[in-house]
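A short write-up of the structure that comes next.
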Amino acid sequence: MEKLTKIVATISDKRCDPEFLKQLHEAGMDVVRINTAHQTPEQALGLIENVRKVSGRIPLMLDTKGPEIRTNASPHELVVLKDQLIMVKGKKGIPSDDQCLCLDFEGIVNHLHVGNRLMIDDGEIELQVIEKHDEHLICRVGNPGIIKGRKSVNLPGITIDLPSLTKKDIEFIEFGIKNNLDFIAHSFVRTKQDVIDIQKILDKHNSPIKIIAKIENQQGVDNIDEILEHVYGIMVARGDLAIEVPAERIPVIQARLIKKCIRQKKAVIIATQMLHSM
Numbered sequence: 525m526e527k528l529t530k531i532v533a534t535i536s537d538k539r540c541d542p543e544f545l546k547q548l549h550e551a552g553m554d555v556v557r558i559n560t561a562h563q564t565p566e567q568a569l570g571l572i573e574n575v576r577k578v579s580g581r582i583p584l585m586l587d588t589k590g591p592e593i594r595t596n597a598s599p600h601e602l603v604v605l606k607d608q609l610i611m612v613k614g615k616k617g618i619p620s621d622d623q624c625l626c627l628d629f630e631g632i633v634n635h636l637h638v639g640n641r642l643m644i645d646d647g648e649i650e651l652q653v654i655e656k657h658d659e660h661l662i663c664r665v666g667n668p669g670i671i672k673g674r675k676s677v678n679l680p681g682i683t684i685d686l687p688s689l690t691k692k693d694i695e696f697i698e699f700g701i702k703n704n705l706d707f708i709a710h711s712f713v714r715t716k717q718d719v720i721d722i723q724k725i726l727d728k729h730n731s732p733i734k735i736i737a738k739i740e741n742q743q744g745v746d747n748i749d750e751i752l753e754h755v756y757g758i759m760v761a762r763g764d765l766a767i768e769v770p771a772e773r774i775p776v777i778q779a780r781l782i783k784k785c786i787r788q789k790k791a792v793i794i795a796t797q798m799l800h801s802m
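If you're matching positions, the sequence shown starts at 525 in the numbering used here and goes up one per residue.
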């Protein structure tokens, strides 16, 4: 019997030797996902070459960063305690320290108000804005933990005006075209225009790469019908989605999106914390 459900494995360049990849493939790995948020093109190329040494029939999926906010890279981890007050700034390239958490979105202060929340690392740490100043926010820590560099930051209920494609995304898409990858999974797709922008780049190079729209926020859920018209399939990214909407609604939304994809003969991938909760 043909296996209809496939397994997508995210592989790091830090462990991608051919023998390891061969073991994963034999164990059931169907698709290799490359996370561009944590790899350079040079690192990704080494992974691609090793995958193709194992088999030329393993599809490769390039996952773009998209319009997201992250904590700045930092040599130190920031330990926070419940009810602690912490300053938050939007300053690209400035590492965080014990007094200030720095994010790579310089418009963060303009977009948030007192009472708004910031969810860090798929909701592991919650901050609530209690003061707003011209160049920084003062936030109260809702739950203790460790804030590391390059971790995702979500703003529940807030629409941000970041461009769909970053310069890095475009460079990686062109890298994917050059290396004949199979899929582009684009993060935080909000409307059909986000997908059309990628398709224009693919068409310019006459590339057959297929687009997977990652549905990670309420806006993407609301616009799912128009998005499905322009993609090969979608990825239901439950981690980020669960920050945007109440956790108890995730199974209902997930089931609805799967049903829509099956009805329209579109591919659908369910992602995030699969081994923890499925």
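Positions of the beta carbon are idealized from the N, C-alpha and C atoms, including for glycine.
- Residues of the same chain with a CB within less than 6 Å of the CB of Gly-590, apart from the 5 flanking positions on each side, are His-710, Ser-711, Phe-712 in chain order.
- Annotated three-state conformation of Lys-692 is helix, per DSSP.
- Under DSSP, the beta-bridge partners assigned to Gln-652 are Arg-641, Arg-664.
- At least 8 Å separates the beta-carbon of Asp-554 from that of Arg-594.
- Cα atoms of Gln-567 and Leu-799: separation of roughly 27 Å, rounded to the nearest angstrom.
- In its chain, beyond the 5 residues on either side, Ile-701 have a beta carbon closer than 6 Å to the beta carbon of Ser-731.
- Around the CB of Glu-740, 16 or more other CB atoms lie within 10 Å, so the residue is classed as buried.
- For the pair Leu-752 and Leu-609, the Cα-to-Cα distance works out to about 43 Å.
- Excluding residues up to 5 positions away in sequence, Val-578 lie with their Cβ nearer than 8 Å to the Cβ of Lys-546 in the same chain.
- In terms of Cβ geometry, Arg-762 and Ile-794 form a close pair [threshold 8 Å].
- Of the residues His-549, Asp-537, Cys-540, the one whose Cα lies closest to the Cα of Lys-530 is His-549.
- Remark: fewer than three beta-carbon pairs, one from each stretch, lie closer than 8 Å, so the stretch 650-667 and the stretch 681-691 are not flagged as touching.
- Sequence-distant Cβ neighbours of Asp-718 in its own chain, meaning closer than 6 Å and more than five residues away, are Ser-688.
- A straight-line Cα-Cα distance of about 11 Å links Pro-775 and Leu-765.
- For Phe-629, the secondary structure class from DSSP, reduced to helix, strand or coil, is coil.
- Under the 10 Å beta carbon count, Asn-634 is surrounded by fewer than 16 other beta carbons and is classified as exposed.
- Taken in chain order, the unbroken stretches of alpha helix (DSSP H) that lie wholly in the stretch 587-636 and span 4 residues or more are 632-635.
- Asn-703 is the residue among Leu-528, Asn-703, Ala-533, Ile-748 whose C-alpha sits nearest the C-alpha of His-729.
- In the same chain as Ala-561, and ignoring 5 residues on each side of it, the C-beta atoms closer than 6 Å to its own belong to Lys-589, in chain order.
- Annotation for Val-603: Ile-670 place their beta carbon closer than 6 Å to its own, counting only its chain and skipping 5 residues before and after.
- Residue Pro-565 holds the alpha-carbon nearest to the alpha-carbon of Lys-692 among Val-556, Ser-620, Pro-565.
- Per DSSP, Val-776 is one residue of the alpha helix (DSSP H) stretching across 774-787.
- Our two residues, Val-612 and Ala-737, have alpha carbons roughly 31 Å apart in a direct line.
- In this chain, the beta strand (DSSP E) harbouring Gly-757 covers 757-761.
- No Cβ-Cβ contact shorter than 8 Å links Met-585 with Asp-727.
- With respect to the C-alpha of Ile-782, the residue from Glu-648, Ile-735, Ser-536, Gly-757 having the closest C-alpha is Gly-757.
- Taking 8 Å as the cut-off, the beta carbon of Val-665 is found closer than this to the beta carbon of Leu-605.
- Positions of the beta strand (DSSP E) runs, each at least 3 residues long and wholly inside the stretch 723-747, are given as 734-739 in order along the chain.
- About 13 Å separates the beta carbon of Asn-640 from that of Ile-767, a gap too long to meet the 8 Å contact definition.
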